[in-house]
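Chemist:
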Amino acid sequence: MKHALLVDVLRDPALALGFDSCSWDTLLRQARAATMAGKLGLRLREVMDPEKMPPAVRRATESALVIAEKIRRDTTLELYVLRELFCDMPERIILLKGTGYVAAGLRAADGRVFGDIDILVPRAALALVEDRLKAAGWSFGAIDAYDERYYRRWTHELPPLEHRLRGTLVDVHHAILQEREPAPDARARMLADARSLDERFAVLQPVDMVLHAAAHLFADGEFDKGLRDLFDIVTLIRDFAEEDGAFWDGLLERASLMRLRQPLHYALDHGARLFALDVPQSVFRALAGEGRHDWFMRPLLHRGLMPHHDSAGDLLTAPARGFLYVRAHYLRMPLVNLAMHLVRKAVHRDAKAGTPSLPGVPPTPQRG
Amino acid sequence: MRLAERGPEWCTRALRGEGLGLRLGPFRVRARSSIAALGRDLFELYGEHPLLDADEVCDFDVELEPAGGIRRIWHPQATFRSDGWAPFHPLPIDQVAPFFEWGLNWCIATHAHDRLIIHAAALAKGDRGLVLPAPSGAGKSTLTAALVLSGWRLLSDELAMIDLGSGELHGLARPVNLKNDSIDIIARRFPQARLAGISDGTAKGRVGLLRPPDESVREAMSPARVNWVVLPRYLAGNPTRFAPLSPPRALIQLAENAMNYSIHGRRGFECLCRMVDEADCFTLLYSDLDDAIRTFDELAAAG
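Taken in sequence, the protein lines are chains A and B.
In terms of this note's numbering, the first sequence opens at residue 677 and continues consecutively.
In terms of this note's numbering, the second sequence opens at residue 7 and continues consecutively.
#1: Could you round the C-beta distance between B/L251 and B/F288 to whole angstroms and report it? I think they count as a contact, below 8 angstroms.
#2: With a threshold of 8 angstroms between beta-carbons, can A/A736 be considered close to chain B, or not?
#3: Rounded to whole angstroms, what is the Cα-Cα separation between A/D688 and B/D286?
#4: Give every residue of the same chain whose Cβ lies closer than 7 angstroms to the Cβ of A/S987, excluding the five residues on either side of it in the sequence, and list them in chain order.
#5: For B/D89, which residues in chain A fall below 7 angstroms Cβ to Cβ?
#6: According to the neighbour-count rule (16 or more other Cβ atoms, all chains shown, within 10 Å of its Cβ), is B/N266 buried or exposed?
#7: Which residue wins for smallest C-alpha separation from A/H941, given the options A/G787, A/D920, A/F951, A/E966?
#8: Under 7 angstroms Cβ-Cβ, which residues of chain A neighbour B/I269?
#9: Looking at the C-beta of B/C277, does it have a partner C-beta in chain A at a distance below 8 angstroms?
#10: Specify whether the stretch 949–962 of chain A and the stretch 883–893 of chain A touch according to this definition: at least 3 beta carbon pairs, one from each stretch, less than 8 angstroms apart.
#11: Please specify which runs of the beta strand (DSSP E), each continuous and at least 3 residues long, are wholly inside the stretch 250–300 of chain B, giving them in chain order.
#12: Helix, strand or coil for B/G211 per DSSP?
#13: Quick one: is A/A732 near chain B, going by C-beta distance under 8 angstroms?
#14: Would you say A/R1020 lies against chain B (beta-carbon separation less than 8 angstroms)?
#15: Tell me the rounded alpha-carbon separation between B/K185 and B/P219.
#16: Label A/F972 either buried or exposed according to how many other C-beta atoms from any shown protein chain fall within 10 Å of its C-beta, with 16 as the threshold for buried.
#17: At a Cβ threshold of 8 angstroms, is B/H55 touching chain A?
#18: Do you know offhand how far B/S222's Cα is from A/Y756's?
#19: With 8 angstroms as the threshold, decide whether the Cβ of A/D823 is near any Cβ in chain B.
#20: Run through chain B and tell me which residues come within less than 7 angstroms of A/D701, C-beta to C-beta.
#21: Could you compute how far the alpha carbon of A/V883 sits from the alpha carbon of A/A864?
#22: Taking Cβ to Cβ, would you say B/A144 is nearer than 8 angstroms to B/P238?
#23: Can you name the start and end residues of the beta strand (DSSP E) that B/T116 belongs to?
#24: Quickly, what does DSSP pair B/S162 with across the bridge? List them, please.
#25: Could you check whether the Cβ of A/C763 sits closer than 8 angstroms to any Cβ belonging to chain B?
#26: At the level of alpha carbons, what is the spacing between A/L853 and A/E745?
#27: Could you check the C-alpha separation between A/R997 and B/V63 for me, to the nearest Å?
#28: My output table needs one value for B/M167: the three-state DSSP class, helix, strand or coil.
#29: Assuming A/L682 contacts A/P983 under a Cβ cut-off of 8 angstroms, what Cβ separation, rounded to an integer in Å, is found between them?
#30: Please confirm whether A/R621 has its beta-carbon closer than 8 angstroms to some beta-carbon of chain B.
#31: How long is the line joining the alpha carbons of B/A202 and B/L58, rounded to whole angstroms?
#32: Buried or exposed: where does B/A199 fall if 16 or more other Cβ atoms within 10 Å of its Cβ makes it buried?
#33: CA-CA distance, B/P82 and B/P98?
#34: What are the residues that DSSP puts in a beta bridge with B/R78?
#35: Report yes if the C-beta distance between B/L175 and B/V232 is below 8 angstroms; otherwise report no.
#36: Check each candidate in A/M712, A/A710, A/A680, A/K810 and name the one with the smallest Cα separation from A/S699.
This is the structure:
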């Protein structure tokens, strides 16, 4: 299994002090591929003056940090809008992922580049939330009926809603995670136990925030931002564990209750291996049963997590990612529907012909 | 060393192998491709640009390769990839040269937020810069081509890059992207124009690339101060009208054409304020290219 330079430097930025230009170049390529140039920039600044970096690296990391700052600004502004929009709604709105990290002022938000405002609302409030967002200028954009049905039936969120003028994307979640088997009712407690930021917004409590991020990371088939998400989880855990001595015990207990022990094991295992996350041995022991597939899953997940760049892959990378993609859908939908869905996706990908957009309007990037 | 000193076969070989490294103004770019036509076009268009040393860290690493799949038999296409991303659907393989240019524009527009980028042509006389902000279809590229072939220095035909700190205008001296009729207009009016990569049937119609003048490439590293901001608009049959524009209006036009203005927030606003304060701002309505060139030359002569 190949190890990525980016992972090494994120773990120990001082390594970059001894880099030749070839290593710097590879580092930059991998950081862009993983959408982590901002995080890399912050880590590098801990050990060196930006003036000492190669100009291309300095520019790329500064540029990513400018975008991260812009995202923080935009997120804060959109939250003002949403607060007004839902001011009379009895239920709180829970901010998830990057949106939550920004709103709660967590370190995981620093240098993070993300595109969507993720909110979680109770299923009962879903129709109201959708209607109000649409009335306020958000819409589903160019999405066909099949995709909309797919979203509503097989995922835990609505199709992304894009604002007509500002272009901001809102992802409305109505469940923690969508699975084939009915989720334990206990997961609804994530909503009830969320911590209020103000009278309108809340974020998941620390243990749930970690579990939610882990569940998403390891249930998601794309993995294209996997390394970034794992790094976030590691940052969250480090900060939470330092603040609260009972964090680890609470995390384990909660993982059992929510039936999320397996994703937690994966997150801790890979977090420790890649980013030297300090996990107490007792925690690993308590999760030991979840490692029974590690001989098989560890190399697969490792390949999924590595930056999606040729320099960080090997011959097994493409099959491993293919497997993870199918696995993610399998966790979500029965086999018959899965087969039909994948066939449809494959046919459609070939049929879609496109045009380059203007330089002024960067198109939605796709993985190549 | 310049690309022209190497020869077209070397250029094609470099693209196939470790990559062709070019210095484009402040940026270092490495391109790889097994498509031979791209080697020939890049050699023709970028001949005067400096080559990178083997071990330089590149800002942008791009790859144009034939697309796989069964379609390649009757409809060969090229894909564009950069740092693990493929921002575009594949395009017909005979559009590979403009595809390279669009791809590079995408790289700059997506990743170069250490500066303000305006969708505008940028030219200069010495160190006095001229910015022509305009949406597509306003005749900006034709005007730019005509001006650089009449002695103006080319900084960029599509992406004007402003340093947020110093307010200086930086150049790339990349080829000018001409569309449809303007290809023949420029070729007829300026016999010395060197065009390459002409492709039919693209999303923008027929496109062709004009090689930047050698002097512009050699001076690509010298920044210019923004001396003039002119909003050009081509209107067939209209007499030339050149009129002053108030700084606030110029600022709005610049902001509307800026690609990463909102990303920079307050700093972007302050940068544009300073620009319209220091520069003279005008609108230009034109249909006669010679008349337009004369207008700009008079502007430069007046100081």
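For glycine and all other residues, C-beta sits at the position ideal for the given N, C-alpha and C.
Just so you know, these numbers come straight off a predicted model, no measurement behind them.
Modeler: Based on what the coordinates show:
#1: 6 angstroms
#2: yes
#3: 51 angstroms
#4: T702, R705, Q706
#5: R705, R708, A709, H985
#6: buried
#7: A/E966
#8: V742, I743, K746
#9: no
#10: no
#11: 286–292
#12: strand
#13: yes
#14: no
#15: 19 angstroms
#16: exposed
#17: no
#18: 48 angstroms
#19: no
#20: V63, C64
#21: 14 angstroms
#22: yes
#23: Run containing B/T116: none in the beta strand (DSSP E); it sits in the alpha helix (DSSP H), 102–117.
#24: B/A128
#25: no
#26: 29 angstroms
#27: 29 angstroms
#28: strand
#29: 5 angstroms
#30: Examination of residue 621 of chain A is not possible in this model, given that chain A is present from 677 through 1044 alone.
#31: 23 angstroms
#32: buried
#33: 6 angstroms
#34: Answer is none; B/R78 lacks a bridge partner.
#35: yes
#36: A/A680
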